[in-house]
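Trainee: Yeah, the sequence shown ends on 441 if you go by the working numbering, and it's all consecutive.
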Amino acid sequence: LTRSLILGNPNCPPTNFTSDPWNQAILITPHHAVRMKWNSMMACSRCNEKGIQLFTCPCIDTIGTCELTKEERILVATKWKGRQSGNPNMRAGLSKEIKLAIGMEVMVTFNISMNIDITNRARGEVVEIVMDPREDRYTENDLAIKLHYPPSYVLVRMKHTKA
């Protein structure tokens with residue numbers, strides 16, 4: 279039965295990714311690169327569909343609140359993870375940028391606080407994005423915004439926690 283649901287299988291029912299239930303589908307795959315591409319495309323598609331601003335945010339490595347030294351940046355940039363070593367947009371499996379939007383569903387990918395259930399696979403929704411004060415201004419009409427700095431913080435409402 280499960281094999282008949284694989285896209286490309288001749289027995290797979292017609293699949294329209296713009297209508298229910300497919301437009302709400304969650305991709306389950308062990309392949310990080312496929313998941314990253316899926317997440318990016320779904321973020322763009324849903325923001326376009328709903329007229330929501332999509333922010334492309336740079337990921338900047340720090341140690342605490344300190345920026346990395348030149349030597350530390352070189353070590354991070356050259357620390358490749360497995361087969362992704364040929365992809366210049368990935369560093370040790372991490373992206374150089376991420377996409378964020380109000381209302382976007384997010385998932386925790388490592389344990390943050392087991393006491394209040396903010397653990398691997400916990401889900402939530404982005405409710406606020408507070409920009410870095412150095413960030414250029416943008417208008418409400420701008421739907422795709424490329425930021426120069428990571429947001430100061432992102433507030434996420436977790437779906438199930440003990441807090």
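Note that CB positions come from ideal geometry on N, CA and C, so glycine has one too.
Is the separation between the beta-carbon of LEU353 and that of VAL432 shorter than 8 Å?
Mentor: For the purposes of this step, residue 353 is taken as the residue at position 75 of the sequence shown. For the purposes of this step, residue 432 is taken as the residue at position 154 of the sequence shown. Their beta carbons are not under 8 Å apart, which means LEU353 does not touch VAL432 by this criterion.
Trainee: In chain order, what residues of the same chain have a beta carbon less than 6 Å from the beta carbon of ARG401, not counting five sequence neighbours either side?
Mentor: Counted from its first residue, the sequence shown places residue 401 at position 123. Correct list, in chain order: MET385, LYS437.
Trainee: With a 10 Å radius around its C-beta and 16 neighbouring C-beta atoms as the bar for buried, classify SER363 as buried or exposed.
Mentor: Taking the sequence shown and counting its residues from 1, one reaches residue 363 at position 85. With a pLDDT of 45 at SER363, under the threshold of 50, the predicted position of this residue should be treated as unreliable, though the coordinate-derived value follows. So SER363 counts as exposed.
Trainee: Label LEU332 either buried or exposed according to how many other C-beta atoms from any shown protein chain fall within 10 Å of its C-beta, with 16 as the threshold for buried.
Mentor: In the sequence shown, the residue the question calls residue 332 occupies position 54. Counting Cβ neighbours within 10 Å, LEU332 comes out buried, since at least 16 surround it.
Trainee: Taking the beta carbon of ALA321 as the centre, do at least 16 other beta carbons fall within 10 Å, making it buried, or is it exposed?
Mentor: By one-based count along the sequence shown, residue 321 stands at place 43. Under this definition ALA321 is a buried residue.
Trainee: Just how far apart, CA to CA, sit ASN393 and GLU403?
Mentor: In the sequence shown, counting from the first residue as 1, residue 393 sits at position 115. In the sequence shown, counting from the first residue as 1, residue 403 sits at position 125. Each residue's Cα considered, the two are about 20 Å apart.
Trainee: Contact check, GLU325 vs ILE376 under 8 Å by CB: the rounded distance?
Mentor: For the purposes of this step, residue 325 is identified with residue 47 of the sequence shown, where counting begins at 1. For the purposes of this step, residue 376 is identified with residue 98 of the sequence shown, where counting begins at 1. Sequence check: residue 325 is Cys here, not Glu. Between ILE376 and CYS325 the Cβ distance is about 14 Å, and since that is not below 8 Å, they are no contact.
Trainee: ASP339 to LEU425, Cα distance in whole Å?
Mentor: Numbered from 1 along the sequence shown, position 61 holds the residue referred to as residue 339. Numbered from 1 along the sequence shown, position 147 holds the residue referred to as residue 425. The straight-line gap from Cα to Cα measures roughly 16 Å.
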